[in-house]
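Notes follow the structure.
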Amino acid sequence: QGRWHLMDITWDAGHIDDSHEYAKTYRTDFLFLEPEKFLCTHFPTDSKWQLLDRPVGKQEFLDLPYLRGEFFGYGLELAGPATQVSQAGDSASLDLLAPQDVLLMAQLADPHDGEQTRRTFIRRIQGAARVDALFPESGQWKLRLFARTSSDPEPNRYTWVADLGYEAAAGTDSRFPETFGTYGQIGCNLIEPQFSPLPVGEPLRFSVDVPGVAGVAVVQGEAWTKLQRTTGDNWTGTATSSSSQPLKVLVQLRADDSQWQGILQYE
């Protein structure tokens, strides 16, 4: 009582979907959001409405990372300092604190929102996450983050939560393997190999943490190599890519299950 609170009822009401129609998706992420978090997206004309003991200037506001109310609504936090545009080489990593039941997705785009495929990868360890990005060439790039809860009845519905900008000094031809829905849903963590494409004819060590499954296999065409459980949830083995065919990592969820599900694919 007797205190001012910040809200944005329009940003909590809905959004324009991919078909350019208005979709009502009521949320409360911008309802009474703390002033220092609200400032990541809103800059009032009158500085007193920042509701901060030390109001920030316009340039300081422009240097802040673009973290939407949904970012905080999902319980996400930056694990280190970040700015609107960070300097990088041919790659960058972003560390987050993330609740275990929150699933993340990331996209890398150029300044015109042209998406770059297989240029991002997310690793989860307990209550933390690391988002890695590989830049195709030097220049400006945007890392866009999305999130949803594991209990969401629509597994393909992720919410846009943040944008982080990077000025890359160089580029790389390397890409990450493609991940499928099961990878995030059951909490997998890739150890190696981390990049694609794989060298042909060279034995490679595969290592991936996959909790609660009966089996893990590396498959290329008709050739299967089953990985062995080592310690805890880690599965390890050696396989050789024999052609330019996609190489997949599959999991068997239960011992009596004849169906194997894909979690990773290398080109």
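Numbering (the numbering used here), first residue to last: 923 to 1189. Positions of the beta carbon are idealized from the N, C-alpha and C atoms, including for glycine.
Going by Cα to Cα distance, which pick from LEU998, TRP1157 and LEU1030 is closest to PRO1021? Nearest option by C-alpha distance: LEU998.
Per DSSP, what kind of secondary structure is THR1160 in: helix, strand or coil? Strand.
Paired residues, beta bridge with GLU1089 - DSSP: GLN1009 and GLN1062, per the DSSP bridge assignment.
Pick from VAL1083, LEU984 and ARG949 that is closest to THR932, judged by C-alpha positions: Scanning VAL1083, LEU984 and ARG949 for the CA closest to the CA of THR932 turns up ARG949.
Spatial distance of SER1072 from CYS1110 (CA atoms): Approximately 14 Å between the Cα atoms of the pair.
In DSSP terms, what PHE960 is bridged to: As far as DSSP is concerned, PHE960 takes part in no beta bridge.
Delimiting residues of the alpha helix (DSSP H) encompassing TYR1105: Where TYR1105 is concerned, the enclosing alpha helix (DSSP H) stretches over 1103–1107.
Output yes or no for whether 8 Å exceeds the beta carbon distance between ARG990 and THR963. Closer than 8 Å, so yes.
Alpha carbon to alpha carbon, how far is GLN1062 from THR1152? Give it in angstroms, no decimals. Their Cα atoms are separated by approximately 42 Å.
With distances taken Cα to Cα, identify the nearest neighbour of GLU1114 among LEU1120, VAL1130, LYS1064 and GLU1124. Taking GLU1114 as reference, the option from LEU1120, VAL1130, LYS1064 and GLU1124 with the minimal CA-CA separation is VAL1130.
Taking 8 Å as the cut-off, decide whether the C-beta atoms of LEU1000 and LEU1018 are in contact. A distance below 8 Å separates the beta carbons of LEU1000 and LEU1018.
As a quick exercise: from GLY1154, ALA1051 and PRO957, pick the residue whose alpha carbon is nearest that of LYS970. For the residues GLY1154, ALA1051 and PRO957, the minimum Cα distance to LYS970 belongs to PRO957.
Hey, ARG1040 and PHE1098 are a contact pair by Cβ (cut 8 Å); roughly how many whole angstroms apart? PHE1098 and ARG1040 do touch by the CB rule: their CB atoms are close to 5 Å apart, below 8 Å.
Here's the rule: buried if 16 or more other CB atoms are within 10 angstroms of the residue's CB, otherwise exposed. What is GLY1154? GLY1154 is exposed by the Cβ-count criterion.
Give me whichever residues DSSP pairs with ASP1131 in a beta bridge. In the DSSP assignment, ASP1131 is bridged to ASN1111 and ASN1156.
So VAL1140 packs on VAL1132, CB below 8 Å; how close in whole Å? Contact between VAL1140 and VAL1132 fails: their C-beta atoms lie close to 12 Å from each other, not under 8 Å.
Would you list the one or two residues that DSSP bridges to TYR988? For TYR988, which the question treats as bridged, DSSP gives the partners ASP1085.
Please return the same chain residues whose Cβ sits closer than 6 Å to the Cβ of SER1060, not counting the five positions on each side in sequence. Cβ within range, chain order: ALA1090, ALA1091, ALA1092 and GLY1093.
For PHE1117, the three-state DSSP class (helix, strand or coil): It is coil, neither helix nor strand.
Between ASP1032 and GLN1038, what straight-line distance do the alpha-carbon atoms span, to the nearest angstrom? About 8 Å.
Contacting residues, own chain, Cβ-Cβ under 8 Å from ARG1127 (five flanking each side not counted): Its chain contains GLU1114, PRO1115, THR1158, GLY1159 and THR1160 as the residues whose beta carbon lies nearer than 8 Å to that of ARG1127, once the 5 sequence neighbours on both sides are disregarded; these appear in chain order.
Go ahead and label ILE1185 buried or exposed: buried means 16 or more other beta carbons lie within 10 angstroms of its beta carbon, across all protein chains shown. Around the C-beta of ILE1185, 16 or more other C-beta atoms lie within 10 Å, and the residue is accordingly described as buried.
Got a sec? Which residues, its chain only, sit under 8 Å from GLY936 by beta carbon, not counting five neighbours each side? In chain order, TYR944, ALA945, LYS946, THR947 and TYR948 place their CB closer than 8 Å to the CB of GLY936, counting only its own chain and leaving out the 5 sequence neighbours on each side.
Please classify ALA1051 as buried or exposed, where buried requires at least 16 other C-beta atoms within 10 Å of its C-beta. Looking at its Cβ environment, which holds 16 or more other Cβ atoms inside 10 Å, ALA1051 is buried.
What do you get for PHE954, buried or exposed, if any count of 16 or more other CB atoms within 10 angstroms of its CB means buried? By the C-beta density criterion, PHE954 is exposed, having fewer than 16 other C-beta atoms within 10 angstroms.
For chain B, find out if any of its Cβ atoms is closer than 8 Å to the Cβ of SER1096; answer yes or no. The structure shown contains no chain B; it holds only a single protein chain.
Using 10 angstroms around the beta-carbon of ALA1069, count the other beta-carbons present and answer buried if the total reaches 16, otherwise exposed. In summary, ALA1069 is buried, with 16 or more beta-carbon neighbours lying within 10 Å of its beta-carbon over all protein chains present.
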